[in-house]
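Heads up, the sequence shown stops at 266 in the numbering used here, and the numbers go up one at a time, no gaps. Just so it is clear, CB atoms sit at the ideal spot from N, CA and C, and this is done for glycine as well. The block underneath contains the structure these notes are about, expressed in structure tokens.
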Amino acid sequence: MKLSLSRRRGGSISELAAIGRGKRDTLKGMHLEDFVRLGGVTPFVLPLELAPGDILIPTCMHAAAAFILNYGLKTPGLFRVPGNPTTTYALYDYYQKQFEENSNEPVVQTISLARLPSHIRYNVHDVTHLLKKLLHCLPGGLLGSPAVFQALYNIHSFVFPDPSLGGHISDKVKPRMIALALASTNLHFRISLICAVFGLLRAVSLTSDFEMEPRLRDPHEPFTATKEVALSIIFGPLLLGDKSD
């Protein structure tokens with residue numbers, strides 16, 4: 022996936038900022054450590070070929086990501102179509118209230134059951150909007166560090182170690198360099214969240230490729246799955262968070 026901070030879809034970010042505008046927003050600016058402390062963590066299970074190992078992420082983010090992974094991969098316009106702002110805020114406020122209730126509890130890390138609230142009617146687009154909104158809250162965004170973004174950008178943009186050595190070696194070196202760049206993040210839960218989000222997006226991309234194959238035989242068949250370029254435009258601004266503050 023191409024790393025980019027492109028604002029060509031700036032409307033998407035403004036839509037996230039507008040969710041719950043004028044209403045309380047106690048999650049905006051909350052650090053990842055506090056998401057973990059107040060809401061607990063849940064193991065996020067990716068398909069075996071995409072899983073780097075055990076991944077523990079904040080329970081509220083897990084509830085959204087797992088729903089998308091299990092029920093939303095074939096949804097047309099996934100991540101591109103915005104959710105209903107009222108429904109998205111209702112989901113967001115559900116977790117906001119949970120965090121407020123736990124704010125006076127002792128600092129503790131717990132394995133929590135992740136599930137979306139059953140009393141709210143929602144669809145896949147509402148849940149994708151919720152996940153993006155939660156990532157939008159984090160100071161520094163998903164990556165949490167401009168230095169990590171720059172390292173990943175350089176790795177993606179340049180051929181390592183030397184073109185003369187051939188693509189075979191480069192294919193082995195790049196994943197190791199990416200792992201080293203992510204390892205420079207000193208927070209385990211940050212690394213887990215990065216792996217979870219990138220793994221989810223890769224699952225979306227692979228599903229799009231699989232769904233596209235039969236359509237190539239019939240040019241009249243519409244194809245509306247989300248491709249990597251679209252995902253990079255959508256998630257690029259979320260890599261380093263809200264820069265408007």
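Task: Best match in THR63, LEU94 and MET51 for proximity to LYS248 [C-alpha to C-alpha] - done: Of THR63, LEU94 and MET51, the smallest CA-CA separation from LYS248 is found for LEU94.
Open item on the list: As an exercise, report each continuous alpha helix (DSSP H) stretch of at least 4 residues that is fully enclosed by the stretch 64-135, in chain order.
Closed with: The stretch 64-135 contains these whole alpha helix (DSSP H) runs: 80-92 and 106-123.
Open item on the list: Quick check: the Cα distance between LYS44 and LEU163, rounded to an integer number of angstroms?
Closed with: Near 24 Å, if we compare the C-alpha coordinates of LEU163 and LYS44.
Task: Backbone CA spacing between VAL210 and ARG142 [nearest angstrom] - done: Before going further, note that residue 210 is Phe rather than Val in the sequence given. Approximately 30 Å, taken between the alpha carbons.
Open item on the list: Is the separation between the beta-carbon of LYS118 and that of ILE40 shorter than 8 Å?
Closed with: Against a cut-off of 8 Å, the Cβ pair of ILE40 and LYS118 comes out as no contact.
Task: Exposed unless 16 or more other CB atoms sit within 10 angstroms - verdict on PRO196 - done: Result: exposed.
TODO: Hey, could you find the ends of the alpha helix (DSSP H) SER178 is sitting in?
DONE: SER178 -> alpha helix (DSSP H) spans 167-178.
Task: Buried/exposed call for VAL250, threshold 16 Cβ in 10 Å - done: With fewer than 16 Cβ atoms within 10 Å of its Cβ, VAL250 is classed as exposed.
TODO: Measure from the alpha carbon of GLY60 to the alpha carbon of each residue in VAL218, MET51 and GLN171, then state which is nearest.
DONE: When only C-alpha atoms are compared, the closest one is MET51.
- [ ] Would you check if the distance between the CB atom of LEU48 and the CB atom of SER213 is smaller than 8 Å?
- [x] In this structure, LEU48 lies away from SER213, with their beta-carbon atoms at least 8 Å apart.
Task: Limits of the unbroken alpha helix (DSSP H) element including ASP147 - done: It spans 145-158 - the alpha helix (DSSP H) in which ASP147 sits, taken as one unbroken run.
Task: Neighbour flag for PHE256 against chain C, beta carbons, 8 Å - done: Reference to chain C is not applicable here, since this structure consists of a single protein chain.
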